[in-house]
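Below is one structure, written out as structure tokens, with a few remarks after it.
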Amino acid sequence: MKVKKLEIQNFRNISGISLEFDDEINVICGENAQGKTNIIEALWLFSGAKSFRNTKDSEFIKFGEKKSKIYIEYEMLGVKNTAQIVFDDKKTAFLNDKKLSNTSSLAGKYNAVVFSPTDLTLVTDGPDKRRRFLDTAIGQLYPNYIEILRSYSRALMQRNKIIKDYRYDKTVSIMLDVFETEIADMGNKIINYRKKYISVLNNYVSKIYNGISCGKENIEIFYLSKNDILNNEILKTAREIDMFTSTTSVGPHRDDISFKINGISVRNFGSQGQKRSVALSLKLAGAEVIKEISGEYPICLLDDVMSELDEGRQNYILNHIRNWQSFITCCDTSNVKNLREGKVIKIKGGEVV
Ligand SMILES: Nc1ncnc2c1ncn2[C@@H]1O[C@H](COP(=O)(O)OP(=O)(O)O)[C@@H](O)[C@H]1O
Ligand SMILES: [Mg+2]
């Protein structure tokens with residue numbers, strides 16, 4: 028994957044810029060709050076995933092404006108493409124000038140992997156972060172998975188809405204049956220996708236982590252699920268508790284992943300350095316899976332991570348991504364002194380200087 032050109036209009040603090048990129052390394056440099064991450068975010072959104080900054084679509088539009096546009100020209104497997112996303116009161120995506128039914132249809136048509144300081148929360152925070160990691164990664168590879176997730180959460184929401192009535196009115200059982208069948212059906216698909224993804228990921232993560240830790244440590248990832256298979260019976264039994272909480276206590280929306288180094292949980296017992304290395308290995312491994320399935324490395328977005336890493340890890344990443352097109356933000360070019368080639372883009376107040 029190579030992005031050749033990016034044009035931005037009224038996106039975040041950027042009124043209008045047009046950038047052409049190097050096929051290998053692009054360093055985006057500038058002081059705090061100048062628009063570096065906004066550029067990374069724009070490049071990320073074409074993957075069809077949500078922003079890594081957890082924002083609403085309306086927040087992308089520059090304050091005081093009504094419409095925002097991001098446009099790219101890129102090459103995938105040697106084929107030239109253009110893509111555009113327009114944000115106004117809704118969000119519209121175009122691939123090669125053809126309007127798509129939704130932006131998530133861009134998944135698989137453009138591949139990116141993003142590293143940001145918040146990645147550490149993948150290891151340290153609650154399970155929702157890890158589920159999101161899985162869902163984003165799988166959704167990028169299989170657009171169909173995003174549809175499955177959507178149907179699942181729709182059915183879940185409907186069940187949660189009526190489950191409290193079940194306490195007083197057992198006739199809602201008929202409706203619950205319908206939603207629970209959908210939850211079980213979609214839920215099993217989700218569990219299968221996730222387990223399959225993790226088994227592929229495991230091979231790469233262990234190799235990469237081994238490299239980062241200089242062969243001293245072994246890592247393994249496990250998918251944690253209360254029920255290996257979800258069915259109506261399990262959901263029906265759960266009604267007795269769920270009716271008091273208006274939630275659904277079983278299903279893949281409650282699952283988690285666990286990381287173990289030499290058999291010990293990283294989340295509970297790992298050092299800060301180990302956690303950081305796990306997060307990094309996961310992302311790099313995710314990119315390897317994309318390569319395996321799509322035939323090409325994704326673009327690599329490194330947002331403010333270089334300064335946080337010790338030199339050993341910095342060099343490990345830079346070596347690992349040597350043949351990928353990468354976009355690296357930093358405040359100070361001294362953080363990327365190990366990079367000799369590539370293009371440096373200086374950003375100030377949402378403009379190129
Ligand atoms: N919708 C928006 N309209 C205008 N400015 C915005 C919008 N969203 C974010 N910003 C501004 O963008 C700047 C942050 O840009 P960012 O790319 O995160 O900076 P950095 O260069 O530190 O990565 C902040 O000054 C913020 O106020
Ligand atoms: Mg930033």
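In this note's numbering, the protein residues as written are 28 to 380. Where a beta carbon is used, it is the ideal one built from N, C-alpha and C, also for glycine. Owing to the predicted nature of the structure, the values given are computational and were not obtained by experimental measurement.
Check: Tell me which residues share the same chain as residue 348 and place their Cβ nearer than 6 Å to its Cβ, disregarding the 5 neighbours each side in the sequence.; Outcome: 327
Check: Using a Cβ-Cβ cutoff of less than 8 Å, which residues in the same chain neighbour residue 360 once the five nearest sequence positions on both sides are dropped?; Outcome: 54, 56, 371
Check: I'd like to know whether the C-beta atoms of residue 210 and residue 278 end up nearer to each other than 8 Å.; Outcome: yes
Check: Could you tell me whether the segment 98–106 touches the segment 283–298, using the rule of 3 or more Cβ pairs below 8 Å?; Outcome: no
Check: Can you list, in chain order, the residues of its chain whose CB lies under 6 Å from that of residue 127, leaving out five sequence neighbours each side?; Outcome: 120
Check: Does DSSP classify residue 111 as helix, strand or coil?; Outcome: strand
Check: Between 140, 177, 295, 73, which lies nearest to residue 118 when the distance is taken from Cα to Cα?; Outcome: 73
Check: Which residue's Cα is closest to the Cα of residue 306: 145, 245, 51?; Outcome: 145
Check: Output needed for residue 30: all residues of its chain with C-beta closer than 7 Å, excluding positions within five of it in sequence on either side, in chain order.; Outcome: 48, 70, 99, 101, 326, 352
Check: With a threshold of 16 other CB atoms inside 10 Å of the CB of residue 45, please say whether the residue is buried or exposed.; Outcome: exposed
Check: Could you name the residues whose beta carbon sits closer than 7 Å to any heavy atom belonging to ligand 2, keeping them in chain order?; Outcome: 63, 64, 330, 331, 356
Check: Which same chain residues end up closer than 8 Å to residue 136 when comparing Cβ atoms and leaving out the 5 residues on each side of it in sequence?; Outcome: 75, 103, 108, 110, 122
Check: Give the range of the alpha helix (DSSP H) segment to which residue 305 is assigned.; Outcome: 299–321
Check: Report the three-state DSSP secondary structure of residue 270 (helix, strand or coil).; Outcome: helix
Check: With a threshold of 16 other CB atoms inside 10 Å of the CB of residue 260, please say whether the residue is buried or exposed.; Outcome: exposed
Check: Tell me which residue opens and which closes the alpha helix (DSSP H) that residue 72 is part of.; Outcome: 63–72
Check: List in chain order: all unbroken beta strand (DSSP E) runs of 3+ residues lying wholly within the segment 116–193.; Outcome: 118–122, 139–142
Check: Give me the Cβ distance between residue 37 and residue 92, rounded to the nearest whole Å; I'm assuming they're in contact under 8 Å.; Outcome: 4 Å
Check: Can you find the residues in the same chain that come closer than 8 Å, C-beta to C-beta, to residue 50, ignoring five residues on each side of it along the sequence?; Outcome: 29, 352
Check: Less than 6 Å between C-beta atoms, sequence neighbours within five positions excluded: which residues of the same chain meet that for residue 271?; Outcome: none
Check: Are there any heavy atoms of ligand 1 lying less than 7 Å away from the beta-carbon of residue 372, as far as the coordinates show?; Outcome: no
Check: Closer than 7 Å to a non-hydrogen atom of ligand 1 - does that hold for the CB of residue 156?; Outcome: no
Check: State whether the segment 248–266 contacts the segment 211–222, with contact taken as three or more CB pairs (one from each stretch) at a distance under 8 Å.; Outcome: yes
Check: Where does residue 81 fall in DSSP's three states?; Outcome: coil
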